[in-house]
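Undergrad:
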Amino acid sequence: MSNTAKMPQDKTINRILYRVAIATSTAFNAIIGRPKIYFESEKAEFKNLPKRLIIICNHTYWLDPANLSILFRKSLVNSVAAKEVFESGRGPLMRGLRCIPLDRSTMDLACIKECVARLKDDQRVVIFPEGQLNLTDEILDFKAGAALIAMQAQSAVVPVYTSGVYKPFGGLKLIVGNPISYDELFPESLGATAMVNATNLMQKRMQFLKDSLTEKLTDKDKEIIRKSRQKFAEKRRKIEESRNTKGEEK
Amino acid sequence: MIIEKLKAITKTIMADANNGIDYDNINENSRLAEDVGLTSISMLMLVISIEEEFNIELPIKEASNCKTVGDIIAVINKCL
Chain A
5 MSNTAKMPQD KTINRILYRV AIATSTAFNA IIGRPKIYFE SEKAEFKNLP KRLIIICNHT
65 YWLDPANLSI LFRKSLVNSV AAKEVFESGR GPLMRGLRCI PLDRSTMDLA CIKECVARLK
125 DDQRVVIFPE GQLNLTDEIL DFKAGAALIA MQAQSAVVPV YTSGVYKPFG GLKLIVGNPI
185 SYDELFPESL GATAMVNATN LMQKRMQFLK DSLTEKLTDK DKEIIRKSRQ KFAEKRRKIE
245 ESRNTKGEEK
Chain B
43 MIIEKLKAIT KTIMADANNG IDYDNINENS RLAEDVGLTS ISMLMLVISI EEEFNIELPI
103 KEASNCKTVG DIIAVINKCL
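For the record, the sequence lines run as chains A and B.
First residue of the first sequence? That's 5 in the working numbering, and the numbers climb one at a time after it.
First residue of the second sequence? That's 43 in the working numbering, and the numbers climb one at a time after it.
1) Cβ atoms of Val84 of chain A and Cys115 of chain A: under 8 Å apart, would you say?
2) How many whole angstroms separate the CB atoms of Asn138 of chain A and Ile104 of chain A, which I take to be in contact at a CB cut-off of 8 Å?
3) Assess contact between the stretch 125–140 of chain A and the stretch 173–191 of chain A, defined as three or more Cβ pairs (one per stretch) separated by less than 8 Å. Is contact present?
4) Pull up the distance between the alpha-carbon of Leu88 of chain B and that of Lys231 of chain A, whole angstroms please.
5) Can you check whether the C-beta of Thr166 of chain A is within less than 8 Å of a C-beta belonging to chain B?
6) Whole angstroms is fine: what's the gap from Lys55 of chain A's alpha carbon to Ser109 of chain A's?
7) Output, in chain order, the set of chain C residues within a Cβ distance shorter than 9 Å of Ser193 of chain A.
8) Going along chain A, which residues have a C-beta under 9 Å from Met43 of chain B?
9) Thr110 of chain B by DSSP, collapsed to three states: which one?
10) State the DSSP-derived secondary structure class of Arg108 of chain A, mapped to helix, strand or coil.
11) So, using beta-carbon positions, are Ile115 of chain B and Ile45 of chain B closer together than 8 Å?
12) Pull up the DSSP beta-bridge partners for Arg77 of chain A, would you.
13) For Ile83 of chain B, which residues in chain A fall below 7 Å Cβ to Cβ?
14) Between Leu113 of chain A and chain B, is any beta-carbon pair separated by less than 8 Å?
15) Just how far apart, CA to CA, sit Phe236 of chain A and His63 of chain A?
16) Note down, in chain order, each residue of its chain lying with its Cβ closer than 6 Å to the Cβ of Gln158 of chain A, except the 5 sequence neighbours on either side.
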């Protein structure tokens with residue numbers, strides 16, 4: 005079987021499920037969540053963004069893809085997610101929520117192809133270029149997958165930096181950067197070095213957004229974020245320990 | 043000849059690398075990382091380009107295990 009043939013079909017039922025989930029979450033977010041959204045400039049505002057778009061973001065919590073899907077809902081938003089997330093019977097739900105599985109242990113060409121296909125269909129794709137949840141204060145080195153997908157799909161990229169806590173009434177803060185056009189990403193060539201340069205450009209822009217958002221945070225905000233990350237890291241450690249114990253018992 | 047097409051593909055992918063490698067001299071024994079200068083991302087670009095050039099779909103696990111140009115040619119031959 006081919007790699008792409010293993011990918012889920014984009015069924016009508018999945019689209020309906022996705023639309024219902026987005027509508028419900030949008031209402032919830034508008035009334036309860038109310039994240040504080042900043043824009044790098046007017047250029048970054050949602051209304052000016054193209055339909056075909058890669059959204060890159062730092063990854064601090066499992067709700068990040070849902071949050072970005074709500075914010076960028078002008079067209080269908082897909083999210084790249086680790087294939088482990090599809091395990092334990094969650095597969096159909098994750099596919100319904102337009103998640104694309106990524107096998108991080110190998111060169112997952114099937115994932116790249118699926119992202120490119122959906123972008124060419126004028127959909128949006130959320131990618132976390134750090135390749136993992138990051139609970140530290142530093143941005144990790146970006147993987148080059150986002151640049152490769154941008155090149156293949158001839159897509160612009162919009163960087164988003166998020167900070168804060170998923171709690172009601174503005175606990176979450178995020179800044180939407182100016183979109184990086186395809187020509188800006190690949191000004192001269194389309195070779196391997198161009199891919200590295202495009203990745204570095206994305207990383208630089210993300211760092212700029214991080215610095216901009218950090219300036220807007222109060223000391224109280226920073227303390228809340230620190231405590232929340234600590235709590236989340238502890239929870240993840242326990243889950244990991246319990247998984248390992250189960251594995252050993254088997 | 044597959045090797046000639048592979049030379050052309052790697053030349054295109056690595057054109058902006060300025061690594062001093064003469065891609066006309068690569069042969070079946072050339073090692074993909076050390077002699078051809080491929081990284082994980084340029085390897086992915088190579089696989090994508092091969093699929094387009096030969097109109098085939100490479101088994102990704104086998105492709106990612108390739109260490110030399112000869113290994114890649116063997117995988118391509120299997121798919122043709």
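For glycine and all other residues, C-beta sits at the position ideal for the given N, C-alpha and C.
TA: Short version:
1) Working through the first sequence from its first residue, we reach residue 115 of chain A at position 111. Working through the first sequence from its first residue, we reach residue 84 of chain A at position 80. Contact flag set, yes.
2) In the first sequence, counting from the first residue as 1, residue 138 of chain A sits at position 134. In the first sequence, counting from the first residue as 1, residue 104 of chain A sits at position 100. With 8 Å as the limit, Asn138 of chain A and Ile104 of chain A do not qualify as a contact, their Cβ atoms being about 20 Å apart.
3) no
4) Along the second sequence, read from residue 1 onward, the residue named residue 88 of chain B stands at position 46. Along the first sequence, read from residue 1 onward, the residue named residue 231 of chain A stands at position 227. Going from the Cα of Leu88 of chain B to the Cα of Lys231 of chain A covers about 45 Å.
5) Walking along the first sequence from the start, residue 166 of chain A turns up at place 162. False, the Cβ-Cβ gap to chain B never drops below 8 Å.
6) Along the first sequence, read from residue 1 onward, the residue named residue 55 of chain A stands at position 51. Along the first sequence, read from residue 1 onward, the residue named residue 109 of chain A stands at position 105. Each residue's alpha carbon lies about 31 Å from the other.
7) Going by chain labels, chain C is absent from the structure shown, which instead holds the protein chains A and B.
8) Sequence index remark: in the second sequence, residue 43 of chain B carries index 1 (1-based). Near Met43 of chain B there are no residues of chain A at all, since even the closest Cβ is about 23 Å away, more than 9 Å.
9) Numbered from 1 along the second sequence, position 68 holds the residue referred to as residue 110 of chain B. Reduced to three states, the DSSP call for Thr110 of chain B is strand.
10) Taking the first sequence and counting its residues from 1, the one referred to as residue 108 of chain A is at position 104. Here Arg108 of chain A sits in coil by DSSP.
11) Within the second sequence, residue 115 of chain B is the residue found at index 73, counting from 1. Within the second sequence, residue 45 of chain B is the residue found at index 3, counting from 1. Going by C-beta atoms, Ile115 of chain B is nearer than 8 Å to Ile45 of chain B.
12) Here the question's residue 77 of chain A lines up with position 73 in the first sequence. Paired residues: none, contrary to the question.
13) The count along the second sequence starts at 1 and reaches residue 83 of chain B at position 41. Near Ile83 of chain B (Cβ distances below 7 Å), the residues of chain A are Ala148, Leu152, Ala196, Met199.
14) Translated into positions along the first sequence, residue 113 of chain A becomes position 109. Judged by the 8 Å Cβ criterion, Leu113 of chain A is in contact with chain B.
15) Position 232 of the first sequence holds residue 236 of chain A. Position 59 of the first sequence holds residue 63 of chain A. Approximately 13 Å between the Cα atoms of the pair.
16) For the purposes of this step, residue 158 of chain A is taken as the residue at position 154 of the first sequence. Tyr186.
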